[in-house]
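Residue numbers (the working numbering): 17 to 259.
Each residue gets a CB set at the ideal place from its N, CA and C atoms; glycine is no exception.
Since the structure is predicted, the reported quantities are computational estimates derived from the model, not experimental observations.
Below is one structure, written out as structure tokens; comments come after it.
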Amino acid sequence: MPKQSLWLSNMDLLHPRYYLPTVYLYKPNGSANFFEATMLKEALGRVLVPFYPVAGRLARDENGRIEINCNGEGVFFVVADTYSTTKELDEFMPSMELRQLIPTVDSNLEDILLPIALSGDLLSESFMCTVERIHREIKKMDEEYLRSALDYLEELGDVGDVNTIVRGSATCACPNLTVISWMQLPFFKADFGWGAPLLMRPATMFEGKGYIHPDLANDGSFSLALYLETDYMESFRKLFYKC
Numbered sequence: 017m018p019k020q021s022l023w024l025s026n027m028d029l030l031h032p033r034y035y036l037p038t039v040y041l042y043k044p045n046g047s048a049n050f051f052e053a054t055m056l057k058e059a060l061g062r063v064l065v066p067f068y069p070v071a072g073r074l075a076r077d078e079n080g081r082i083e084i085n086c087n088g089e090g091v092f093f094v095v096a097d098t099y100s101t102t103k104e105l106d107e108f109m110p111s112m113e114l115r116q117l118i119p120t121v122d123s124n125l126e127d128i129l130l131p132i133a134l135s136g137d138l139l140s141e142s143f144m145c146t147v148e149r150i151h152r153e154i155k156k157m158d159e160e161y162l163r164s165a166l167d168y169l170e171e172l173g174d175v176g177d178v179n180t181i182v183r184g185s186a187t188c189a190c191p192n193l194t195v196i197s198w199m200q201l202p203f204f205k206a207d208f209g210w211g212a213p214l215l216m217r218p219a220t221m222f223e224g225k226g227y228i229h230p231d232l233a234n235d236g237s238f239s240l241a242l243y244l245e246t247d248y249m250e251s252f253r254k255l256f257y258k259c
């Protein structure tokens, strides 16, 4: 693997410096080597050759700017057993029980979006009006808009200034709501030789954030994973199905 440092753009630096764990559920297909750890580890080792930055670590250059140190240290690989059933794990919905199955690791390093409405505005209008409001704002995000956002980041210059606009859990909590689209991510293609996954879920989430992702049946339907307080979830459910 090449030993080198990779420069990160200001757009890269906008991303929070943690990774989002996801959980995939596969059904045994009767194969004697079903998800055999040694085979998976060897395959991962081969994949990391062309994708060597993933095997590196975050570092800082002489000016304190974050970069990727391609040092070939590899990735964290853990084999663990659990006797929990899918029912006990609540269909793999994000929970403390599910989170305990995910190892904690140091991470590798969201788009510049502006609020589109105040909570009072949304409460006073119909759900369809809110949908139309979101659609209008999405249509504004064309190439010119994105280039303008990149120019803005360049004008900030200072790394510290860029980091001040990074969004995290504090900016997604009530009354804010952030929904990320994973519709273009081909989760149903995560086949390691034993068939496609039966289910995929984010393993950890924080309040006010949700993910829309394609259903693994690959039939055009989708699933929404959303984390809200119980009372807010019930209100969201009523509004969502009202339309």
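- The criterion of a C-beta distance shorter than 7 Å is satisfied by residue 210 and residue 47.
- Rounded to the nearest whole angstrom, the CA to CA distance from residue 88 to residue 66 is 12 Å.
- Annotation for residue 241: the continuous beta strand (DSSP E) segment containing it runs 238-243.
- Between the alpha carbons of residue 227 and residue 195 lies a distance of about 6 Å.
- Counting along the chain, the unbroken beta strand (DSSP E) around residue 41 starts and ends at 38-41.
- For residue 257, there is no enclosing beta strand (DSSP E); the residue is found in the alpha helix (DSSP H) stretching over 246-258.
- The closest CA to that of residue 257, considering only 92, 144 and 26, is found on 144.
- In the assembly as shown, residue 57 is an exposed residue. Its beta-carbon has fewer than 16 other beta-carbons within 10 Å.
- In the three-state scheme derived from DSSP, where H, G and I count as helix and E and B as strand, residue 209 is classed as coil.
- By the C-beta criterion, the region 207-225 is judged to be in contact with the region 238-253, since at least 3 inter-stretch pairs fall below 8 Å.
- Take the alpha-carbon of residue 95 and the one of residue 153: they are about 44 Å apart.
- DSSP places residue 74 in the uninterrupted beta strand (DSSP E) bounded by 73-76.
- Distance check between residue 163 and each of 18, 27 and 19 places 27 closest, using alpha-carbon atoms only.
- Sequence-distant partners of residue 170 (beyond 5 residues in either direction) whose C-beta falls short of 8 Å from its own C-beta, in its chain, are 26.
- Residue pairing for residue 230: DSSP places it in a beta bridge opposite 238.
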